[in-house]
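Chemist: Dropping a structure here in structure tokens format, bear with me for questions.
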Amino acid sequence: MIMTENHADLFADKVEARNLQLAIQHSSDIITRVTNEGIALYVSPSCLPMLGYTQQEFYKSSLYTYCHPNDRDLLREAFAELDFLPHKRVTFRFRHHEGHYLWLEANFSVINEDKEMMGIIRDMTQRIIMEEEILETQEKYRFLVEYSKDTIGMVTQKGIWTYINNEGKKLFGFTSSKEIIGTSLHDYAPSSEHSTLDDFLQTKQSVNFELNLIRTDSQTRKAEVQLIPTTFKNRKVYQIIIKDVTGQKKTEEKLQNAEKLSVVGQLAAGIAHEIRNPLTAIKGFTQLLNEERQGDFADVILTELERIEDIVNDLLVLAKPQITEMEETNLITVVKSVITLLNSQAVMGNIMIELTQAQCSFNVKCERDKIKQVLINIIKNSIEAMPMGGKINVDIRQDNNFVIISVEDEGIGIPEERLAKLGEPFYSTKEKGTGLGIMICKKIIKNHGGNLYIHSKENEGTTVRVTLPLV
Numbered sequence: 001m002i003m004t005e006n007h008a009d010l011f012a013d014k015v016e017a018r019n020l021q022l023a024i025q026h027s028s029d030i031i032t033r034v035t036n037e038g039i040a041l042y043v044s045p046s047c048l049p050m051l052g053y054t055q056q057e058f059y060k061s062s063l064y065t066y067c068h069p070n071d072r073d074l075l076r077e078a079f080a081e082l083d084f085l086p087h088k089r090v091t092f093r094f095r096h097h098e099g100h101y102l103w104l105e106a107n108f109s110v111i112n113e114d115k116e117m118m119g120i121i122r123d124m125t126q127r128i129i130m131e132e133e134i135l136e137t138q139e140k141y142r143f144l145v146e147y148s149k150d151t152i153g154m155v156t157q158k159g160i161w162t163y164i165n166n167e168g169k170k171l172f173g174f175t176s177s178k179e180i181i182g183t184s185l186h187d188y189a190p191s192s193e194h195s196t197l198d199d200f201l202q203t204k205q206s207v208n209f210e211l212n213l214i215r216t217d218s219q220t221r222k223a224e225v226q227l228i229p230t231t232f233k234n235r236k237v238y239q240i241i242i243k244d245v246t247g248q249k250k251t252e253e254k255l256q257n258a259e260k261l262s263v264v265g266q267l268a269a270g271i272a273h274e275i276r277n278p279l280t281a282i283k284g285f286t287q288l289l290n291e292e293r294q295g296d297f298a299d300v301i302l303t304e305l306e307r308i309e310d311i312v313n314d315l316l317v318l319a320k321p322q323i324t325e326m327e328e329t330n331l332i333t334v335v336k337s338v339i340t341l342l343n344s345q346a347v348m349g350n351i352m353i354e355l356t357q358a359q360c361s362f363n364v365k366c367e368r369d370k371i372k373q374v375l376i377n378i379i380k381n382s383i384e385a386m387p388m389g390g391k392i393n394v395d396i397r398q399d400n401n402f403v404i405i406s407v408e409d410e411g412i413g414i415p416e417e418r419l420a421k422l423g424e425p426f427y428s429t430k431e432k433g434t435g436l437g438i439m440i441c442k443k444i445i446k447n448h449g450g451n452l453y454i455h456s457k458e459n460e461g462t463t464v465r466v467t468l469p470l471v
């Protein structure tokens, strides 16, 4: 049988209709046909899984019956606009068969000479809830940023400000936070710190560092800066958090000076004893010179005088404020001078301090007097921990790019429950201690890029390890 052209067209129409029917039957979206008044003339089977209604329950019912009361006018306006628009999209809430409401998005198109509409409806509840949660999170974050006591902002990878919160205008001395937008972070840092700042900006990793900031009124503030790499509007930027620690630094400096004075007072007896010995030698040799008029003892006198000078200089370093400048220093010489300073106190306590070193030079960049202060504190603690005498081993070795100074004593040790609290302000294992010594020591070493660790076992002794980066 030969199929005519009309038969072929009819067959194609039937196939197309069948495919369309299958698509409607299996669509996850609801396909509906409604009148201008919103009466459902047809609804696809997906209304049951989406809304909980069968096709029979929905047939001849009004969309307004199930629409949320606050959204009915919105739906009416959408139907009214279809009088002069061929298509209309509207989002509204619709009551589920179980009583709760869903967010639906409907696309309506006019058919049958403007008397009826075809609608495609999909469930948008999860997306809208997620959008609301995102907006809520953004609002909370904005609130936290705007009312934070720290300066929070965004800078480009070259340090250009693109956003800053209101706290930033107080830190930098602006009348409006908008004044800083477009300027560079370098504009508010001393030129001597620009290269260091560039290094941190180029790491493209989360970093923390200290920076001096110059306000618009030329005042200098000390700040702790945190750079966190992130992406904003498809652009790689840094979130920057700046904490003004000027007051904190002044407090730390006062604590360090107070600790120095405390150390000076405690060392007074040892210093007096250490000075008395060379003075006795000078006095004796001077008497011999007077009696025999011989000059062979002059070298001895000069040596002893130099020893006195070194001891007095060490005392002065502790007693008076020093200019804080980092300089390359051989750590061996610093350790030896501290051992010399404390040796008399150790001898009076029947304690021997022994130094072992892997090599003769370990160069670090440091504030010499601050490192001395740390070592004096550590070794003095070891001396006080051995009332019955004993031995203190001071060992200096290299580990990769760091030098490790270990001070090991044979003292009474520290109980495990107290060890975890060492370094906290006003917590001390000593009866009259303030707990500030170890806290200050840890801070000094941290400022030098190192760490301080304490390991102790009761009745066996304590080991303190200080790590510092080598030059």
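Mapping to full-length UniProt numbering: the sequence shown position 163 is 163, numbers consecutive. Where a beta carbon is used, it is the ideal one built from N, C-alpha and C, also for glycine. Computed from a predicted model, the values in this text were never measured in an experiment.
1) Would you call the stretch 205-222 and the stretch 129-142 touching, i.e. three or more CB-CB distances under 8 Å?
2) With three or more beta-carbon pairs closer than 8 Å as the criterion, would you say the stretch 342-350 touches the stretch 385-394?
3) Report, in whole angstroms, the separation of the C-beta atoms of Thr467 and Phe402, which I expect to be a contact under 8 Å.
4) How far does the beta strand (DSSP E) with Phe209 in it extend, from its first residue to its last?
5) Report yes or no: do three or more beta-carbon pairs, one from the stretch 88-103 and one from the stretch 57-76, lie closer than 8 Å?
6) Taking the C-alpha atoms as reference points, what is the distance between Glu424 and Glu105?
7) Could you give the DSSP three-state label for Ile157: helix, strand or coil?
8) Alpha carbon to alpha carbon, how far is Lys115 from Glu37? Give it in angstroms, no decimals.
9) Would you identify the three-state DSSP class for Asn166, choosing helix, strand or coil?
10) Could you have a look at Val471 and say whether DSSP puts it in helix, strand or coil?
11) Return the residue from the list Ile445, Thr231 and Leu171 that minimises the CA-CA distance to Asp217.
12) When the distance is taken between beta carbons, is Gly390 closer than 8 Å to Ser456?
13) Any contact between the stretch 153-167 and the stretch 238-247? By contact I mean 3 or more CB pairs, one from each, below 8 Å.
14) Can you grab the Cα-Cα spacing for the pair Thr340 / Met439, in whole Å?
15) Taking 7 Å as the limit between beta carbons, can you name the residues of its chain near Gly461, skipping five residues before and five after?
16) Would you mind listing the beta strand (DSSP E) stretches within the stretch 20-88 that are 3+ residues and don't spill past its ends, in chain order?
17) Please name the residue, chosen from Met118, Gly247, Leu41 and Glu416, that lies closest to Phe79 on a Cα-to-Cα basis.
18) My assumption, with CB atoms under 8 Å, is that Ile396 sits in contact with Ile332. Please give the rounded CB distance.
19) Can you pull the DSSP bridge partners for Phe232?
20) Give me the residue from Tyr163, Glu328 and Glu132 with the minimum Cα distance to Phe232.
21) Under the three-state reduction of DSSP, which class applies to Phe172: helix, strand or coil?
22) Tell me the rounded alpha-carbon separation between Ser195 and Trp161.
23) Per DSSP, what are the beta-bridge partners of Gln357 in this structure?
24) Could you name the residues of the same chain whose beta carbon sits closer than 6 Å to that of Ala346, not counting the 5 residues immediately before and after it, in chain order?
25) Specify the secondary structure class of Phe92 as computed by DSSP and reduced to three states.
26) On the CB-based measure, 16 or more other CB atoms within 10 Å of its CB, does Tyr53 come out buried or exposed?
27) Would Glu167 pass as a contact of Asp150 if the rule is Cβ separation under 8 Å?
28) With C-beta atoms as the reference, is Ala189 less than 8 Å away from Leu197?
29) Which first and last residues belong to the beta strand (DSSP E) in which Met348 is found?
30) Using DSSP bridges, identify the partner residues of Lys222.
31) What do you get for His87, buried or exposed, if any count of 16 or more other CB atoms within 10 angstroms of its CB means buried?
32) Compute the beta-carbon to beta-carbon distance between Asn112 and Ile120, rounded to the nearest angstrom, for a pair I have assumed lies under 8 Å.
33) Would Lys215 pass as a contact of Thr246 if the rule is Cβ separation under 8 Å?
34) For Thr35, which residues of its own chain have a beta-carbon under 8 Å away from its beta-carbon, when the five flanking residues on both sides are left out?
35) Considering just the uninterrupted stretch of the alpha helix (DSSP H) at Ser195, what are its terminal residues?
36) Under a three-way DSSP split, which group does Met463 fall into?
Modeler: A quick look at the data gives this:
1) no
2) Yes, the stretch 342-350 is in contact with the stretch 385-394.
3) About 5 Å; that satisfies the 8 Å criterion.
4) Val207 to Ile214
5) yes
6) Residue placement at Glu424 is poorly supported in this model, since its pLDDT is 48, which falls under 50; the coordinates still yield a value, given next. Roughly 60 Å between the two C-alpha positions.
7) The amino acid occupying residue 157 in the given sequence is Gln; Ile does not appear at that position. Looking at Gln157 - three-state DSSP - the assignment turns out to be coil, as it is neither helix nor strand.
8) Taken atom to atom, the span from the alpha-carbon of Glu37 to that of Lys115 is near 9 Å.
9) helix
10) coil
11) Cα-wise, what sits closest to Asp217 is Leu171.
12) no
13) Yes, the stretch 153-167 touches the stretch 238-247.
14) 25 Å
15) Excluding residues within five positions, the ones whose Cβ falls inside 7 Å are Glu408, Asp409, Glu410, Gly411 and Gly413.
16) 30-35 and 40-43
17) Ranking the options by Cα distance to Phe79, first place goes to Met118.
18) Indeed, because the Cβ distance is near 7 Å, the residues count as touching under 8 Å.
19) Arg235
20) Tyr163
21) Helix at Phe172.
22) 18 Å
23) Ile396
24) Ile353 and Ile383
25) strand
26) buried
27) Closer than 8 Å, so yes.
28) Yes, they are a contact pair.
29) Premise fails: Met348 lies in the alpha helix (DSSP H), Leu331 to Met348, not in any beta strand (DSSP E).
30) Asn212
31) When all chains shown are included, His87 counts as exposed.
32) Incorrect: roughly 17 Å between the Cβ atoms, too far for contact.
33) Checking the displayed sequence, the identity of residue 215 turns out to be Arg instead of Lys. No, the Cβ-Cβ distance between Arg215 and Thr246 is not below 8 Å.
34) Within the same chain, Thr35 has close Cβ partners Leu41, Lys115, Glu116 and Met117.
35) Here the alpha helix (DSSP H) through Ser195 covers His194 to Thr203.
36) Residue identity check: residue 463 is Thr in the sequence provided, not Met. Thr463: strand per DSSP, three-state reduction.
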